[in-house]
Amino acid sequence: MANPQEKKKIVIVGGGIIGATTAYYLTRHPKFDPALHTVILLEAAAIAAGASGKAGGLLALWAYPECLVPLSYRLHKELADEHDGVQKWGYRRVNCGTIGAVVKPADLERAVQQTQMEAVEDAKAEAESKASAKAPAAQPGMSALQASSTSTSAPQAEIGGTSLAVLEGNKPSETGTAASEAPEARPATANSGEKSNGSISNGTAETHPVKEEKDWEKLPKQDSAAVSLLETSTLPSDLDWIDSKLVQSYEQMGRRGFTETSQVHPFHFTAAIAELARSAGVDIRLGAKVTDIRSSPGDGGSSSSSSSSSSATDPGPPSLRIVEYQDRNDGDAVKTIENVTDVIITAGPWTGKLLPRSKIEGLRAHSIVYEAEVTPYAVFTDIQLPTDYVPEHRAKAGQKRRHKGNVDPEVYARPFGEVYACGEPDKTVPLPETADQVQADTAQCDDLAAYLATVSPTLAAAPIRARQACYLPQHVRFGTERGPLIGPTAAPRIWIASGHTCWGIQNGPATGYLMAQWLLDGEPTAADIDVLHPAKFKV
3 MANPQEKKKI VIVGGGIIGA TTAYYLTRHP KFDPALHTVI LLEAAAIAAG ASGKAGGLLA
63 LWAYPECLVP LSYRLHKELA DEHDGVQKWG YRRVNCGTIG AVVKPADLER AVQQTQMEAV
123 EDAKAEAESK ASAKAPAAQP GMSALQASST STSAPQAEIG GTSLAVLEGN KPSETGTAAS
183 EAPEARPATA NSGEKSNGSI SNGTAETHPV KEEKDWEKLP KQDSAAVSLL ETSTLPSDLD
243 WIDSKLVQSY EQMGRRGFTE TSQVHPFHFT AAIAELARSA GVDIRLGAKV TDIRSSPGDG
303 GSSSSSSSSS SATDPGPPSL RIVEYQDRND GDAVKTIENV TDVIITAGPW TGKLLPRSKI
363 EGLRAHSIVY EAEVTPYAVF TDIQLPTDYV PEHRAKAGQK RRHKGNVDPE VYARPFGEVY
423 ACGEPDKTVP LPETADQVQA DTAQCDDLAA YLATVSPTLA AAPIRARQAC YLPQHVRFGT
483 ERGPLIGPTA APRIWIASGH TCWGIQNGPA TGYLMAQWLL DGEPTAADID VLHPAKFKV
């Protein structure tokens with residue numbers, strides 16, 4: 003059992019949802035004492051700069067792993083109730099289902115004509131709007147970003163800003179133009195990156211040779227248990243942003259009121275939880291890239307977590323740790339935090355860089371964000387396209403369609419006037435050094451938009467607010483995805499909470515809650531997560 007009177011200096015590595023919730027729940031634990039317990043969070047870029055800011059934000063009782071889901075789903079509601087999550091991060095219940103659609107050549111021609119007509123109407127409306135333009139009113143829940151912001155993350159003059167600048171609104175870019183004033187808003191991951199020396203690159207989107215006519219590689223968000231809950235139903239009348247004439251089948255996710263699905267806006271949620279942790283005393287340092295975790299000299303051990311062979315072989319009694327990091331806001335100056343009692347690695351796909359034995363790697367996923375007000379549904383699709391259909395951007399480039407057979411994008415209505423859509427994962431581009439170096443392949447984003455336009459006239463006409471990519475933290479053993487790793491590693495005083503793949507936002511609160519129990523109580527009691535213990539995988 004942990005000694006509540008023991009002084010602790012806790013360093014959390016990573017400012018995504020797992021790091022933020024861990025920091026939050028540490029400060030809310032009954033045994034937390036600011037006089038005894040210091041919590042420092044180090045983030046190489048900005049809060050929610052990676053997958054936590056670019057995920058879909060779906061919450062579900064049918065998610066996995068089942069040992070985490072019920073606790074985390076309940077904690078999401080408690081957090082929303084306590085901190086006005088409905089307004090601050092868009093917490094709400096949504097309906098969920100899967101559609102099977104068949105698109106014929108005549109449907110494509112009809113869709114093009116309709117889109118052209120709507121474009122003319124939109125141009126007229128825009129001209130009228132400019133004639134009587136007014137300042138935008140702040141939307142509910144948008145206190146984290148200015149009402150005029152059209153980007154999913156705020157551009158920063160410094161890496162992450164000097165404080166939680168990600169919460170302060172849309173700052174002017176280096177050219178003096180706010181992102182909201184750009185002709186088409188693009189997130190930092192699509193139009194900015196960082197060179198290895200810490201300077202900002204030009205951010206040109208990645209392009210790679212097209213592998214034409216490949217099968218769609220679906221990320222398994224629904225496991226076999228979730229698939230078994232799908233029930234054949236009729237297409238709901240209020241799901242009016244999907245063309246009902248094309249839908250051949252609709253399966254509802256379980257019984258309404260029993261198999262619950264909810265959502266949050268992941269960027270706003272992560273940022274708000276991080277701010278709550280900061281206001282409770284957590285020292286959050288942005289632009290702090292951790293490069294080494296080692297034992298204090300003469301303290302009984304000599305291991306470094308970045309060594310592939312030492313993380314499980316620390317000799318002697320538990321030693322205090324030294325955490326070394328590059329301060330990217332200070333010319334990459336090397337700085338250290340000494341006398342660290344506990345290091346919690348919540349670095350998402352970068353966890354494997356610090357703990358190679360964790361076998362956690364990055365899986366790139368692309369997504370787009372539309373500006374549209376639609377009814378609250380999360381829709382999984384199975385779309386059959388004409389065999390000769392080629393998206394317009396591919397045809398202009400003299401390319402064929404990238405995918406043969408059916409395509410299965412996911413699309414979620416989101417709060418604050420957004421619709422989020424994501425496509426298949428890929429491993430084309432290796433994981434970069436930091437989250438702000440991630441670049442999107444715009445052609446893959448355009449594929450996603452083109453496919454959804456065939457079944458949704460509403461989305462075909464909607465402005466695209468962001469084309470983006472992120473890397474999901476995937477725990478892989480012998481080619482098979484496993485659950486996240488949560489708990490102490492074999493290296494004394496080093497903990498891990500990572501590998502949540504596509505359910506990080508859903509399972510973030512439970513992970514943070516259980517880590518706080520482990521650190522301050524000595525064991526997690528709110529859920530039985532023994533199957534996720536790092537020792538099971540020799541980490």
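Residues in the sequence shown are numbered consecutively from 3, following this note's numbering. Positions of the beta carbon are idealized from the N, C-alpha and C atoms, including for glycine. Source: prediction; values computed, not measured.
Taking a cut-off of 8 Å on C-beta distances, the stretch 46 to 54 touches the stretch 279 to 299, as three or more cross pairs fall below it. Runs of the beta strand (DSSP E) lying entirely within the stretch 482 to 539, each at least 3 residues long, are 487 to 490 and 496 to 500 in chain order. Cβ neighbours of Ala276 within its own chain (closer than 6 Å, five residues either side excluded): Ala22 and Ile49. Here the alpha carbons of Ala537 and Gln116 stand approximately 58 Å from one another. Within the same chain, Arg366 come within 7 Å of Asp428 by CB-CB distance, once the 5 residues on both sides are set aside. Within the same chain, Cβ atoms closer than 7 Å to the Cβ of Phe34 are found at Leu28 and Leu522, the five residues on either side in sequence being excluded. In its chain, beyond the 5 residues on either side, Lys11 have a beta carbon closer than 6 Å to the beta carbon of Thr40. Note on geometry: alpha-carbon atoms of Trp520 and Pro526 lie some 5 Å from one another.
Non-local beta-carbon contacts of Ala452 in its own chain, meaning distances under 6 Å to residues more than five positions away in sequence, involve Pro393 in chain order. Around the beta carbon of Asn5, a 10 Å sphere encloses fewer than 16 other beta carbons of the protein chains shown; the residue is thus reported as exposed. For Phe269, the enclosing alpha helix (DSSP H) has its first and last residue at Pro268 to Ser281. Here DSSP, grouped into helix, strand and coil, assigns Cys69 to coil. Looking at the DSSP output, Arg469 shares a beta bridge with Ile370. Listed in chain order, the alpha helix (DSSP H) runs fully inside the stretch 316 to 369 are 353 to 356, counting runs of at least 4 residues. Here DSSP, grouped into helix, strand and coil, assigns Arg403 to coil. Cβ-Cβ distances below 6 Å link Ala437 to Ala47, Ala51 and Gly52 in the same chain, with the five nearest sequence neighbours on each side left out; the list follows chain order. Within the model, the alpha-carbon separation for Val266 versus Glu375 is close to 16 Å. When the beta-carbon positions are compared, Gly350 and Leu433 stay at least 7 Å from each other.
Excluding its 5 nearest sequence neighbours in each direction, Met517 has C-beta neighbours in its own chain below 6 Å: Thr24 and Ala499, listed in chain order. Straight-line spacing of the CA atoms in Ile346 and Tyr414 works out to 32 Å. The three-state reading of DSSP puts Thr377 in coil, since its state is none of H, G, I, E or B. With contact defined as three or more Cβ pairs closer than 8 Å, the stretch 527 to 534 and the stretch 81 to 98 are not in contact. In this structure, Ile14 sits away from Thr293, with a CB-CB distance that is not shorter than 7 Å. The Cβ neighbour count for Arg479, taken over all protein chains shown within 10 Å, is under 16; the residue is labelled exposed. Ala399 has its alpha-carbon roughly 23 Å from the corresponding atom of Leu461. The beta carbon of Ile20 sits closer than 6 Å to the beta carbons of Thr348, Ala499, Gly510 and Thr513 from its chain, once the five residues preceding and following it are set aside; these are given in chain order. Remark: C-beta atoms of Ala273 and Lys90 do not approach each other more closely than 7 Å.
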